[in-house]
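Engineer:
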Amino acid sequence: MIKVTIDDVEVEVAEGTTILNAARMIGGDVVPPAMCYYSKLPDTGGKCRTCLVEVAAGSTKDPRPMPKLVVSCSTPVQDGMVVKNKTSQRVHENRGAVVEFLLINHPLDCPVCDQAGECHLQDLGFEHGAEKTRYEEERRTFDPIDIGNKIKLHMNRCILCYRCVAVANQLTDKRVHGVLHRGEHAEISTYIESAVENDFSGNMIDVCPVGALTDKTFRFKSRVWFLKPMEAECECTKCSGKVVVWQFGNEIYRVTGRKDRYGEVEDQDGKPGWICNDCRFDKKDLSKWNIIGPRTIDRHSVISQGKYEGPRTSIKKVK
Amino acid sequence: MQSLSNRKKVVSDKPMTFVEKLYLPAIAGGMWITFKHLFRKNNTLKYPEEQRVFAPVYRGMHVLKRDEEGRENCTACGLCAVACPAEAITMEAAERVKGEEGLYREEKYAATYDINMLRCIFCGLCEEACPKEAIFLTDRIVPSEFERDEFLYGKDQLVEPMNARIDVTKRQHTGQRGKK
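Right, dumping it as structure tokens:
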């Protein structure tokens, strides 16, 4: 076990832990945001640079600060390391610059996008984004590609985090989509228009931090903040069957995996709770689900609007 | 305790004098006030022949604007419905199909858009929330009706007609408030 200090909070972690995961052990405000890193998917991270932190002291042996900001998702901690995230002005400025870069080609179509309300780029833009873009050139656009009748790909919104590629590599047996071309021209696509059809391909929607991959069966049906997220389960031979159903009245509008506060799917029975396409796209009938109860949602999320029950855990009985 | 506002009046219930018990001076005083009002300027107007000039910030009946080419601005993003404290707004979105590009500005549009004018409190928060400059509160008055369901205004009453465009330029700078 080694000791690190993140934003003046000391924590003991196992050797080889990344700074980001050490910060997540502390939780709360000190956790840097991450757009591309996904703890349930190995080989993700290091691409988006939003999780930059300042290392004020490298280790006890060599307490010199690291000259540049480092990506916390793929930098392992060292004994005696002092990390600054919220307390560093440099980190704030640089993260703002990274967000500006991410938004260079991202269209401003949140009113149309189905991801709005649960979009990580929207949260980042709200926190760090400038009011106006300084970019004068045309935004990069792509011709729409059809990747099947269940998943909608909006390439214009993609920030190239490669999470969906990792899902396809690690959850499915045959990957048919990937990133074509390079640099400015890079795009997620299927080579020679083939449909993405696999039992677990729908998890691409859950891992996408922006609205590039969205559910076609939910497309433009409603906005997420009008729906009521309920924890539900069913008997499923392919997956754990533990999901969140998004209800409007007695109708199920969409089904997603159970995501934690970092937007990552929660562990179910010791395994990541990926859900299969049958559960996600085809079971839109209330009789097929066993509804457990309302899903706890962060009070500051727009999804919690109109849902009047307060955070139950924070209420303490007066004796 | 010392009064902070200096408006405190101490109630007394001392018995009335003989003159007060007659009530005649009080009645005459009341009549005098009524008489004075005969020569005052009228505060009311003879609506609808006469109409008051509205302030530019007056918030009356809503309009769903079209752009210069006549395409509907609203994309059914739902922000007005979230902002609405009276929950007066409901809508359903639909996807624009090929051939409708002249009708709707974006790929999503409001297939139905209803405002319940009985619920609406004309606070203008929908207008402030709208990211597409689609909904505005105008200086028109919501007419009175006999049936309650006639106050459920749909798109046919809310979207501005192409041959009778509604000028909202006076209100279009409201988003600039707070900016220097």
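Line order of the protein sequences matches chains D and W. Oh and the first sequence: position 255 is 255 in our numbering, straight run, nothing missing. With the second sequence counted from 1, adding 319 to any position gets you our numbering. C-beta: ideal position from N, C-alpha, C; glycine also.
My output table needs one value for W:K474: the three-state DSSP class, helix, strand or coil.
Structural biologist: Residue state, collapsed to three classes: helix.
Engineer: Could you give the residue range of the alpha helix (DSSP H) that holds D:L171?
Structural biologist: 163-171
Engineer: Determine contact between the stretch 100-109 of chain D and the stretch 80-90 of chain D, defined as no fewer than three beta-carbon pairs at a distance below 8 Å.
Structural biologist: no
Engineer: Taking the CB atoms as reference points, tell me whether W:V382 and W:I485 lie closer together than 9 Å.
Structural biologist: Going by C-beta atoms, W:V382 is nearer than 9 Å to W:I485.
Engineer: Whole angstroms are fine: how far does the CA of D:V255 sit from the CA of D:M230?
Structural biologist: 10 Å
Engineer: Could you check the C-alpha separation between D:E266 and D:G273 for me, to the nearest Å?
Structural biologist: Roughly 6 Å separates the two Cα atoms.
Engineer: Does the beta-carbon distance from D:I275 to D:S222 come in below 9 Å?
Structural biologist: Against a cut-off of 9 Å, the Cβ pair of D:S222 and D:I275 comes out as no contact.
Engineer: Using 9 Å as the threshold, is the C-beta distance between D:G117 and D:V224 below it?
Structural biologist: yes
Engineer: On the three-pair Cβ rule with 8 Å, is the stretch 383-400 of chain W touching the stretch 408-416 of chain W?
Structural biologist: yes
Engineer: Does any C-beta atom of chain D lie closer than 9 Å to the C-beta of W:V487?
Structural biologist: no
Engineer: Which residues mark the beginning and the end of the alpha helix (DSSP H) in which W:F302 is found?
Structural biologist: Outside the displayed range of chain W (320 to 499) lies residue 302 of chain W, so it cannot be described from this structure.
Engineer: Can you tell which of W:C403, W:A430, W:P404 has its C-alpha closest to the C-alpha of W:V504?
Structural biologist: Residue 504 of chain W is absent from the structure shown; chain W starts at 320 and stops at 499.
Engineer: Give me the subset of the stretch 108-131 of chain D whose CB atoms are less than 7 Å from a CB atom of chain W, sorted by chain position.
Structural biologist: P111, V112
Engineer: Quick one: is D:V210 near chain W, going by C-beta distance under 9 Å?
Structural biologist: no
Engineer: Please list, in chain order, all residues of the same chain as D:S304 whose beta carbon is under 6 Å from its beta carbon, the five residues on each side excluded.
Structural biologist: Counting only Cβ-Cβ distances below 6 Å, and skipping sequence neighbours, we find I297.
Engineer: Please decide whether W:E414 counts as near chain D, where near means a Cβ-Cβ distance under 9 Å.
Structural biologist: yes
Engineer: Starting from the N-terminal side, write out each stretch of the alpha helix (DSSP H) that is 4 residues or longer and does not extend beyond the stretch 215-248 of chain D.
Structural biologist: none
Engineer: Quick one, which of D:F218, D:H120, D:S201, D:G16 has its alpha-carbon nearest D:G263's?
Structural biologist: For the residues D:F218, D:H120, D:S201, D:G16, the minimum Cα distance to D:G263 belongs to D:H120.
Engineer: Name the chain D residues that come within less than 9 Å of W:V401, Cβ to Cβ?
Structural biologist: R223, W225, F226, V302, Q305, G306
Engineer: Alpha carbon to alpha carbon, how far is D:V245 from W:V487? Give it in angstroms, no decimals.
Structural biologist: 42 Å
Engineer: When the cut-off is 9 Å and only beta carbons count, does D:R219 lie next to chain W?
Structural biologist: yes
Engineer: Out of D:D143, D:N198, D:G178, D:Q247, which one is the CA nearest neighbour of D:S189?
Structural biologist: Among D:D143, D:N198, D:G178, D:Q247, the Cα nearest to that of D:S189 belongs to D:G178.
Engineer: Straight-line CA distance for W:F337 to W:L357?
Structural biologist: 32 Å
Engineer: Leaving out the 5 sequence neighbours to the left and right, which residues in its chain are closer than 6 Å to W:F373 when beta-carbon positions are compared?
Structural biologist: Sequence-distant Cβ neighbours of W:F373 in its own chain, meaning closer than 6 Å and more than five residues away, are D458.
Engineer: Among all the DSSP beta bridges, which residues are the ones paired with W:H381?
Structural biologist: Answer is W:L456.
Engineer: May I ask which residues mark the beginning and end of the beta strand (DSSP E) holding D:V179?
Structural biologist: 177-180
Engineer: Answer with yes or no whether the minimum CB distance from W:C501 to chain D is below 9 Å.
Structural biologist: Examination of residue 501 of chain W is not possible in this model, given that chain W is present from 320 through 499 alone.
Engineer: Grab me the residues of D:Q115's own chain with a C-beta within less than 7 Å of its C-beta, minus the 5 sequence neighbours each way, in chain order.
Structural biologist: V210, G211, T214
Engineer: Measuring CB to CB, does D:R157 end up less than 9 Å from D:D199?
Structural biologist: no
Engineer: By DSSP's criteria, W:I408 is part of a beta bridge. Which residues make up the other side?
Structural biologist: W:I434
Engineer: Using a Cβ-Cβ cut-off of 9 Å, state whether W:L364 counts as contacting chain D.
Structural biologist: no
Engineer: Return the residue from the list D:E251, D:R295, D:D278, D:R280 that minimises the CA-CA distance to D:L286.
Structural biologist: D:E251
Engineer: Find the residues of chain D that neighbour W:G397, judging by a C-beta separation of less than 8 Å, and give them in chain order.
Structural biologist: Correct list: S222, R223, W225, F226.
Engineer: Can you grab the Cα-Cα spacing for the pair D:K316 / D:R299, in whole Å?
Structural biologist: Annotation note: pLDDT 48 at D:K316 (below 50); position unreliable, coordinate value reported separately. About 17 Å.
Engineer: When you check each C-beta in the stretch 455-479 of chain W against every C-beta of chain D, which residues fall closer than 9 Å?
Structural biologist: Here the close residues number zero.
Engineer: Helix, strand or coil: how does DSSP classify D:N290 here?
Structural biologist: strand
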